[in-house]
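Sequential numbering from 290 applies to the sequence shown in this note's numbering.
Quick reminder that beta carbons are idealized off the backbone N, C-alpha and C, glycines included.
Owing to the predicted nature of the structure, the values given are computational and were not obtained by experimental measurement.
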Amino acid sequence: MKGVKLEYKEIIDPWKIDQKNSYLIIQEKDIIPEDQPLIHIIDKKTNEIVNSKGVIGFGPLEITDAHIFDPGNSEDTFWVNSVTGKKLSEFSLLDTSRLAVNEFRQTEPMILAYKVYLTRDNTFLCLMADSPYKLVEFDSQGNFLKGHGKWEPIAKYKELDDYLLGTYNKGELKTNSKKDYFVKVSLYRDRIEIFDYNSKSFNIIDGPRMELPEVNISGTGSNASMGFRFDQIYGYRDVSITENFIFLLYSGYSQLEISQTGIEALTVYMMTTSGKLVAKFSLDIGIRSLAVDEKLGKIYGVTRDENPGIAVFDFPKHLLNNP
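Set out below in structure tokens:
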């Protein structure tokens, strides 16, 4: 698929892209100047920046980073999960203030939680840095509610504890606007885990590579650490869930190759929410993150080149007839 690249002088170092309604939400890396906004809102129809959000800081309604985007449960707002600041901040799509309009600070039971999302039941669903569960759910007050799915042991590495199993399966977690699916994709291994929030069940899909990555483990117990080879091939870099489909950004490149070429990913897989493969797209512009508008038939991606911007691709709409 041939893409068109859009560039914006206001966007300094973008690293993630998401969407809400008729807007694209661009998240900057937190290494930009402190007086600059971390979030940009772009109108999909005009491709123009209509607003920017996020005052960098530790104060009330400020954020340290825009690590995770959450569409939230309100039509006119979205949430951002700041990993360093350990809080979730709600922003308005309609006002012009850069400050958040609401925030939730992670409680002590949630201190090891990251990639935190609101569910439609107003609980919190997240990954934990050290837990026997793949996903952990907290109530609206930040108290432990339940765990979902336990890590499967890896015969090749029997010594891996919960922390190291979480590291081995590290990757992105995303949800859709209806909050009926939460999809986790692994970076180091080729694994997709589709969590159906209605049934509270997992559908696990491995591939295209079935072999497991090799790791070096040093130390023991709480001092153990895991290292991957510099030429280890990456698996899935990102995921976008629409109403009927899951779009997966697949790398297939090692960090060594990325450092030499600047290309992180050129492949997008399209599958149904039940895990059936629909299509495979080859992009002509490398991207590092993606968002998909099913109704418009467009894939949006953040580029990683010298002048990073947004690449826009059109995919065949007839594929939408295969949910």
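Inset, instruction - Could you have a look at serine 466 and say whether DSSP puts it in helix, strand or coil? - result: Looking up residue 466 in the sequence shown gives position 177. When DSSP states are grouped into helix, strand and coil, serine 466 belongs to the coil group.
Inset, instruction - Throw me the rounded Cβ distance for the threonine 373 and threonine 353 pair, which I believe falls under 8 Å. - result: The residue given as residue 373 occupies position 84 in the sequence shown. The residue given as residue 353 occupies position 64 in the sequence shown. Between threonine 353 and threonine 373 the Cβ distance is about 4 Å, and since that is below 8 Å, they are a contact.
Inset, instruction - Answer yes or no: do glutamate 426 and leucine 414 have a C-beta to C-beta separation smaller than 8 Å? - result: Reading the sequence shown from its first residue, position 137 is the one you call residue 426. Reading the sequence shown from its first residue, position 125 is the one you call residue 414. In this structure, leucine 414 lies closer than 8 Å to glutamate 426 by Cβ.
Legend entry - Bridge partners - methionine 290, DSSP secondary structure assignment: For the purposes of this step, residue 290 is identified with residue 1 of the sequence shown, where counting begins at 1. DSSP lists no partner for methionine 290.
Legend entry - proline 594 vs glycine 551 beta-carbon contact at 8 Å: Within the sequence shown, numbered from 1, the residue matching residue 594 stands at position 305. Within the sequence shown, numbered from 1, the residue matching residue 551 stands at position 262. Here residue 594 turns out to be aspartate, not proline, going by the sequence shown. Result yes, Cβ atoms of aspartate 594 and glycine 551 sit closer than 8 Å.
Inset, instruction - Can you tell me which of Arg478, Ile301, Lys294 puts its alpha carbon nearest to the alpha carbon of serine 543? - result: Counted from its first residue, the sequence shown places residue 543 at position 254. The residue with the shortest Cα to Cα distance from serine 543 is Arg478.
Inset, instruction - If I'm right that aspartate 428 touches tryptophan 440 with Cβ under 8 Å, what's the distance once you round it to whole angstroms? - result: One-based indexing of the sequence shown puts residue 428 at position 139. One-based indexing of the sequence shown puts residue 440 at position 151. Contact doesn't hold; Cβ gap of about 23 Å is too wide.
Inset, instruction - Could you tell me if proline 597 is buried or exposed, where buried requires 16 or more neighbouring beta carbons within 10 angstroms of its beta carbon? - result: Residue mapping note: residue 597 aligns to position 308 of the sequence shown, counting from 1. Answer is buried; the Cβ neighbour count reaches 16.
Inset, instruction - Using beta-carbon positions only, say whether isoleucine 345 and valine 591 come within less than 8 Å of one another. - result: In the sequence shown, counting from the first residue as 1, residue 345 sits at position 56. In the sequence shown, counting from the first residue as 1, residue 591 sits at position 302. No, the pair does not count as a contact, with Cβ atoms beyond the cut-off.
Legend entry - Secondary structure, beta strand (DSSP E): runs of 3+ residues fully inside the stretch 484 to 566: 490 to 495, 504 to 507, 514 to 517, 525 to 530, 534 to 539, 556 to 561
Inset, instruction - Using the Cα positions of phenylalanine 358 and phenylalanine 471, report the straight-line distance between them to the nearest angstrom. - result: Taking the sequence shown and counting its residues from 1, the one referred to as residue 358 is at position 69. Taking the sequence shown and counting its residues from 1, the one referred to as residue 471 is at position 182. Taking the straight line from one Cα to the other gives about 13 Å.
Legend entry - Cβ pair methionine 290, leucine 572 closer than 8 Å: Here residue 290 refers to the residue found at position 1 of the sequence shown. Here residue 572 refers to the residue found at position 283 of the sequence shown. Result yes, Cβ atoms of methionine 290 and leucine 572 sit closer than 8 Å.
Legend entry - Beta-carbon proximity check, tryptophan 368 vs glutamate 379, cutoff 8 Å: Taking the first residue of the sequence shown as position 1, residue 368 is located at position 79. Taking the first residue of the sequence shown as position 1, residue 379 is located at position 90. A contact, by the Cβ cut-off of 8 Å.
Inset, instruction - Kindly indicate which residue of His329, Leu434, Asp469, Asp319 has the alpha-carbon position closest to the one of asparagine 362. - result: Here residue 362 refers to the residue found at position 73 of the sequence shown. For the residues His329, Leu434, Asp469, Asp319, the minimum Cα distance to asparagine 362 belongs to Asp469.
Legend entry - Where methionine 559 falls, given that 16 or more other Cβ within 10 Å makes a residue buried: Numbered from 1 along the sequence shown, position 270 holds the residue referred to as residue 559. Looking at its Cβ environment, which holds 16 or more other Cβ atoms inside 10 Å, methionine 559 is buried.
Legend entry - Assigned exposure category for valine 390 - 16 Cβ within 10 Å defines buried: Position 101 of the sequence shown holds residue 390. It is exposed - the Cβ of valine 390 has fewer than 16 other Cβ atoms within 10 Å.
Inset, instruction - Grab me the residues of glycine 496's own chain with a C-beta within less than 6 Å of its C-beta, minus the 5 sequence neighbours each way, in chain order. - result: Taking the sequence shown and counting its residues from 1, the one referred to as residue 496 is at position 207. Answer for glycine 496: Asp479, listed in chain order.
Legend entry - Residue range of the unbroken beta strand (DSSP E) whose run includes tyrosine 312: As a position in the sequence shown, residue 312 is number 23, starting the count at 1. Tyrosine 312 -> beta strand (DSSP E) spans 312 to 317.
Inset, instruction - Return the Cβ separation of tyrosine 312 and leucine 382 in integer angstroms, given the expectation that the two are a contact with Cβ distance under 8 Å. - result: The count along the sequence shown starts at 1 and reaches residue 312 at position 23. The count along the sequence shown starts at 1 and reaches residue 382 at position 93. 6 Å between Cβ atoms; contact.
Legend entry - Three-state secondary structure assigned by DSSP to threonine 592: For the purposes of this step, residue 592 is taken as the residue at position 303 of the sequence shown. Reduced to three states, the DSSP call for threonine 592 is strand.
Inset, instruction - Please confirm whether isoleucine 300 and isoleucine 315 have their CB atoms less than 8 Å apart. - result: Here residue 300 refers to the residue found at position 11 when the sequence shown is read from its first residue. Here residue 315 refers to the residue found at position 26 when the sequence shown is read from its first residue. Taking 8 Å as the Cβ cut-off, isoleucine 300 and isoleucine 315 qualify as a contacting pair.
Legend entry - Rounded C-alpha distance that separates serine 466 from proline 360: Numbered from 1 along the sequence shown, position 177 holds the residue referred to as residue 466. Numbered from 1 along the sequence shown, position 71 holds the residue referred to as residue 360. Distance between the alpha carbons of serine 466 and proline 360 is about 6 Å.
Inset, instruction - Please state whether DSSP places glutamate 379 in a helix, a strand or coil. - result: Locating residue 379 in the sequence shown gives position 90, where the first residue counts as 1. Three-state DSSP puts glutamate 379 in a strand.
Legend entry - Three-state secondary structure assigned by DSSP to threonine 335: Looking up residue 335 in the sequence shown gives position 46. Reduced to three states, the DSSP call for threonine 335 is coil.
Legend entry - Check whether isoleucine 493 and glutamate 503 have beta carbons under 8 Å apart: Here residue 493 refers to the residue found at position 204 of the sequence shown. Here residue 503 refers to the residue found at position 214 of the sequence shown. It is not a contact, given that the beta carbons lie outside the stated cut-off.
Inset, instruction - Please report how far the alpha carbon of glycine 348 lies from the alpha carbon of leucine 295, in whole angstroms. - result: Indexing the sequence shown from 1 puts residue 348 at position 59. Indexing the sequence shown from 1 puts residue 295 at position 6. Here the alpha carbon of glycine 348 sits roughly 33 Å from the alpha carbon of leucine 295.
Inset, instruction - Spatial neighbours of valine 339 within its chain, please: CB distance less than 8 Å, with the 5 preceding and 5 following residues excluded, ordered by chain position. - result: In the sequence shown, residue 339 corresponds to position 50, counting from 1. Same-chain partners within the cutoff: Tyr312, Ile330, Ile331, Asp332.
Inset, instruction - With DSSP collapsed to three states, give me the class of threonine 617. - result: One cannot answer for residue 617 here, as it falls past the ends of the chain, which runs 290 to 612.
Legend entry - Start-to-end residues for the beta strand (DSSP E) that takes in glycine 436: Mapped onto the sequence shown, residue 436 falls at position 147. Per DSSP, glycine 436 belongs to the beta strand (DSSP E) from 433 to 439.
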